[in-house]
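Before any comments, here is the structure.
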Amino acid sequence: MATSTLLSGTRADRDTSAPVGQGRRIGSHVVLVLLALYFVVPLWWLVVASTKTNAGLFAGAALWFGSDFSLFDNIAGLFSHQGGIYWVWFRNSFVYAIAGGVGATVLSVLAGYGLAKYRFRGRSAFFALLLGSVMVPMTALVIPTFVLLSGMGLLNTMWAVILPSLLSPVGVYLVRVYAQDAVPEEILDAGRVDGAGEIRLFVQVVLPLLRPAIVTVLLLTTVATWNNFFLPLAVLRDSDLLPVTVGLSNWEALSNAGAGGEQVWNLIVTGSFISVVPLVAAFLSLQKYWQGGLSLGSVR
Numbered sequence: 069m070a071t072s073t074l075l076s077g078t079r080a081d082r083d084t085s086a087p088v089g090q091g092r093r094i095g096s097h098v099v100l101v102l103l104a105l106y107f108v109v110p111l112w113w114l115v116v117a118s119t120k121t122n123a124g125l126f127a128g129a130a131l132w133f134g135s136d137f138s139l140f141d142n143i144a145g146l147f148s149h150q151g152g153i154y155w156v157w158f159r160n161s162f163v164y165a166i167a168g169g170v171g172a173t174v175l176s177v178l179a180g181y182g183l184a185k186y187r188f189r190g191r192s193a194f195f196a197l198l199l200g201s202v203m204v205p206m207t208a209l210v211i212p213t214f215v216l217l218s219g220m221g222l223l224n225t226m227w228a229v230i231l232p233s234l235l236s237p238v239g240v241y242l243v244r245v246y247a248q249d250a251v252p253e254e255i256l257d258a259g260r261v262d263g264a265g266e267i268r269l270f271v272q273v274v275l276p277l278l279r280p281a282i283v284t285v286l287l288l289t290t291v292a293t294w295n296n297f298f299l300p301l302a303v304l305r306d307s308d309l310l311p312v313t314v315g316l317s318n319w320e321a322l323s324n325a326g327a328g329g330e331q332v333w334n335l336i337v338t339g340s341f342i343s344v345v346p347l348v349a350a351f352l353s354l355q356k357y358w359q360g361g362l363s364l365g366s367v368r
């Protein structure tokens with residue numbers, strides 16, 4: 069009798085827990101779908117809007133294609149408007165992103181590996197300072213950066229954008245966290261016993277093990293530099309030095325009602341669409357690396 073009562077109680081618990089677990093799964097799926105829509109809908113609007121004429125942007129359905137497919141006309145107009153200045157802006161963004169991304173990745177790997185595997189005085193203080201700098205928004209550093217660059221005579225030069233982009237506290241943190249688990253001390257000690265120097269160990273042993281972290285930091289820093297707006301706006305004046313973000317913002321200001329400029333909203337939208345294509349392609353082609361790097365950082 070007691071056994072049957074126990075079995076019935078267990079069965080009742082399972083019956084009540086099953087709907088609860090199913091409800092939680094449905095709720096989590098709903099949240100994930102909403103988050104996906106939150107990120108995908110703006111990109112979908114950008115794709116649709118880039119196929120419309122200047123007048124078509126303000127008529128018809130916002131999230132569906134119009135009757136007049138004008139993507140190729142918009143691209144042709146974009147690359148010919150104002151003497152093809154968009155090409156110059158795109159090239160500048162590419163230079164800033166590659167120089168800043170590669171430079172920040174190199175410095176982050178060196179600093180993160182050093183903090184993870186070497187013992188030296190003040191290491192904990194340096195890491196605490198690093199974590200504190202992560203909390204400081206980049207916009208708060210624009211004015212001090214402007215003053216420093218002005219003192220060095222680097223305003224209105226490419227170096228005014230590249231040099232500040234070389235610093236990535238988040239990149240250093242990610243590499244340090246990854247190196248602590250991905251680079252065992254036993255491998256380093258074995259290499260030292262075999263007579264390998266620190267540079268050889270770093271190049272032949274450490275770098276291959278840190279590949280996911282390196283790709284992750286490279287993508288994050290490159291995207292951050294590509295999307296940088298406030299710093300180039302503050303330190304650059306020459307139109308031939310502007311990145312895509314600031315250049316399209318200038319076109320937007322001229323297209324606003326009452327500005328007295330030409331309405332080029334279709335070119336602005338098309339330029340925005342073209343500017344995100346390289347970033348999407350980079351993330352999709354390297355996703356197996358940066359997903360692994362971020363997952364280990366989240367576990368830690």
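Numbering (my numbering), first residue to last: 69 to 368. Just so you know, even glycine gets a beta-carbon here, dropped at the ideal spot from N, CA and C.
Under the criterion of beta carbons closer than 8 Å, V229 and P300 qualify as touching, at roughly 5 Å.
For N295, no alpha helix (DSSP H) segment is defined, and its DSSP state is neither H nor E. With distances taken between CA atoms, L183 lies nearest to V251 out of W227, V251, L217, S118.
Rounded to the nearest angstrom, the gap between the Cα atoms of V348 and W333 is 23 Å. The residues I336, G339, S340, in chain order, have a CB closer than 7 Å to that of L316 in the same chain once the five nearest residues on each side in sequence are set aside. The continuous stretches of alpha helix (DSSP H) do not include D136, and DSSP gives it neither H nor E.
If you ignore the 5 residues before and after G128, its C-beta comes within less than 7 Å of the C-beta of G134, all in its own chain and listed in chain order. Less than 8 Å divides the Cβ of A172 from the Cβ of G239. Cβ neighbours of L217 within its own chain (closer than 7 Å, five residues either side excluded): L223, A228, V303. Exclusion of the five residues before and after I143 leaves T338, I342 as the residues of its chain whose Cβ lies within less than 8 Å of its Cβ.
The beta carbons of G168 and L234 sit closer together than 8 Å. With respect to the C-alpha of F140, the residue from F297, R92, V115 having the closest C-alpha is V115. Around the beta carbon of K120, a 10 Å sphere encloses 16 or more other beta carbons of the protein chains shown; the residue is thus reported as buried. Between A264 and L278, the alpha-carbon positions lie close to 19 Å from each other. Counting the other CB atoms within 10 Å of its CB gives G180 a total of 16 or more, which places it among the buried residues.
When C-alpha distances from L354 are compared across V285, Y106, L111, A321, the shortest belongs to V285.
The C-beta distance from V202 to Y246 rounds to 16 Å, too long to fall under 8 Å, and the pair is not in contact.
The alpha-carbon of V98 is positioned some 10 Å away from that of R92. The three-state secondary structure of N318, taken from DSSP, is helix. Per DSSP, the unbroken alpha helix (DSSP H) holding S233 starts and ends at 227–233. In this structure, S307 is the residue among D136, A321, S307, N324 with its C-alpha nearest to the C-alpha of F158.
In this structure, the alpha-carbon of P232 lies about 8 Å from that of T213. Shown here for T289: same chain residues with a beta carbon closer than 8 Å to its own, the five before and five after excluded, namely G168, G169, A172, T173, S176, S233, S236, G239 in chain order. If the five residues before and after L287 are omitted, its C-beta is found closer than 7 Å to the C-beta atoms of A350, F351, L354, W358, all from its own chain and listed in chain order. A104 and W113 have their C-alpha atoms some 14 Å from each other.
Using a Cβ distance threshold of 8 Å, S161 and W294 count as a contacting pair.
The three-state secondary structure of S118, taken from DSSP, is coil.
From the listed residues S323, A117, A292, V345, the smallest Cα separation to T207 is found for A292. In the assembly as shown, V274 is a buried residue. Its beta-carbon has 16 or more other beta-carbons within 10 Å. In the three-state reduction of the DSSP assignment, A264 falls in the coil class, being assigned neither a helical nor a strand state. In the three-state scheme derived from DSSP, where H, G and I count as helix and E and B as strand, R189 is classed as coil.
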